[in-house]
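In what follows, a single structure is set out as structure tokens and then discussed.
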Amino acid sequence: MPDPSKINVLLIGSGAREHAIAWKLRQSPRLGQLFTANPENPGISALAAPADVLLDPKNTMRLQNFCLANRVQLAVIGPEEPLAAGLSDALLGEQSMAGKSSGGLKGCVQAVFGPSQAAAQLESDKAFSKELMRSSLIPTADARTFTDFGAAKAYLESRESAQVIKAAGLAKGKGVFVPASLPEAIAALEQIMVKKAFGAAGDKVVIEERLKGREVSVFALVDGKNIFMLDACQDHKRLGDGATGPNTGGMGSLCPSPALDERLLAKIERDVVVPTIDALRRDGIEYRGVLYVGLMLTPAGPKVLEYNVRFGDPECQVLMSRLQGDLVEIMLATGSRGLDKVDLSFRPGAAVCVVLAAQGYPDNPRTGQVITGIDEARQVEGVEVFMGGVRRDAEGRLVTAGGRVLSVTAVGADVNEARKRAYAAADRIQFEGKVLRRDIGTDVVG
Ligand code: AMP
Ligand code: GLY
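Numbering follows the working numbering, in which position 393 of the sequence shown is assigned residue number 380; successive positions increment by one, without gaps.
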């Protein structure tokens, strides 16, 4: 007989973020079986059994059958694409935005960690989120939305201050341009609207004022009813030391962020998170999952840069490293209006994550390089190594297979100890062309 207190979990997503989630789920006494929809990641497949499923919200038969046959009660969706496509609705047997329910089948899981398609518009449609912020007076950059290239160009030419240009749809983190001049701004607009570099994601464009200040990543668990603010993180987005070079998905992270004290975090909860969730509710949309708000701390106060409807990567790695509490219970509670009943806290001290990237990242990462030293790195006190762009080759060796290869993550009594440990571990790992920043977790901004 299966133990009824144990929960079977299906995890969706293939990056270091999901490896960190799997690692934390594994520590839960409530975990029954853990299944992964992405066994191609060797870090995740060491912790979870492969689930032979198709992640297509329009064709959920196999997924549904898998969940029923294996008594999966909780599905955890890591990345934004399946959320924006309505996978959460499909798993719960609820109608998604196109009015499609999952083929008339009842929900196959008890709870999903990850919001509905309608709520995911906060990330998948920047015009939607701008309008929501405007109507609720949530502090953000002044912006206009365009569907016509000529009108957008004329608007850009009429602006005296610097502007930021954003494809409104999902563009794998590449749809935002911070141009240095007007010609560059127009070139970006052409890329998005005329050359369609991001396909339909560029049908609408948001042009907004450029903000100055320090960036922070704020995360809140939301269960439809309760909000729980997590410790804020710092993400280092630029490729090079001293915040130079191109923007990336994130070369490292630090938790807690030294830029936010409790008072400021409470202000962000009151002025941003609560009104955001309330505005959705007024439209009949209940938010369940983690809400990630990217903010700029400007001289006029914190302003929203973007919403994401998932954990950040590499912010998740530092959050999971410091999280105290049972992640199965926390995620189940988030999906089922029970957050007020779970214990959740963060271990004192700090966590630092140093990303080891492949040569050529972010434009053209080199793959197939043999990786050594992961076991030796894990022997450094307080260190975990989470795998992102890593695969096993035909001979069973670990090789690079993506831009951000490994997330070397350390906890410590303070940020200095965590940094030292993370770099001591990072230096034990070798692969040809390894790229890392040396200033993660220092005062450098960006
Ligand atoms: P987003 O995906 O909207 O967070 O944008 C990616 C990056 O572009 C952010 O992390 C910021 O560094 C930068 N960015 C976005 N919006 C603005 C803005 N209004 N002003 C200055 N920088 C911005
Ligand atoms: N670290 C930024 C992101 O996950 O979007």
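We put the beta carbon where it would ideally sit given N, CA and C, even for glycine.
Predicted model, so just to flag it, every value in this text is computed and none were measured.
The DSSP assignment places complete beta strand (DSSP E) segments of no fewer than 3 residues inside the stretch -4 to 49 at 18 to 23, in order along the chain.
Separation of the CB atoms of residue 179 and residue 166 is rounded to 12 Å, and the pair is thereby denied contact status at 8 Å. Residue 111 sits close to residue 67, with the two beta carbons spaced by under 9 Å. CA-CA distance, residue 104 to residue 72, rounds to 6 Å. Residue 204 is classed as buried because its beta carbon has at least 16 other beta carbons within 10 Å across all chains shown.
Bridge partners of residue 394 according to DSSP: 342 and 373.
Distance from the CA atom of residue 235 to the CA atom of residue 412, rounded to whole angstroms, is 22 Å. Around the CB of residue 48, fewer than 16 other CB atoms lie within 10 Å, so the residue is classed as exposed. The Cβ atoms of residue 50 and residue 9 do not sit closer than 9 Å to each other. Beta-bridge analysis with DSSP links residue 290 to 283. Counting C-beta atoms within 10 angstroms of its own C-beta, residue 396 has 16 or more neighbours from the protein chains shown and is therefore classed as buried. Between the stretch 373 to 388 and the stretch 345 to 359, the count of Cβ pairs shorter than 8 Å is three or higher; the stretches touch. When 348, 46 and 400 are compared, the shortest CA-CA separation from residue 335 is found for 400.
DSSP, reduced to helix, strand and coil, places residue 367 outside both helices and strands of the structure shown, so it counts as coil.
In summary, residue -8 is exposed, with fewer than 16 beta-carbon neighbours lying within 10 Å of its beta-carbon over all protein chains present.
According to DSSP, residue pairing for residue 141 in a beta bridge does not occur.
Taken atom to atom, the span from the alpha-carbon of residue 404 to that of residue 214 is near 31 Å. Boundaries of the beta strand (DSSP E) harbouring residue 207: 201 to 210, taken from the DSSP string.
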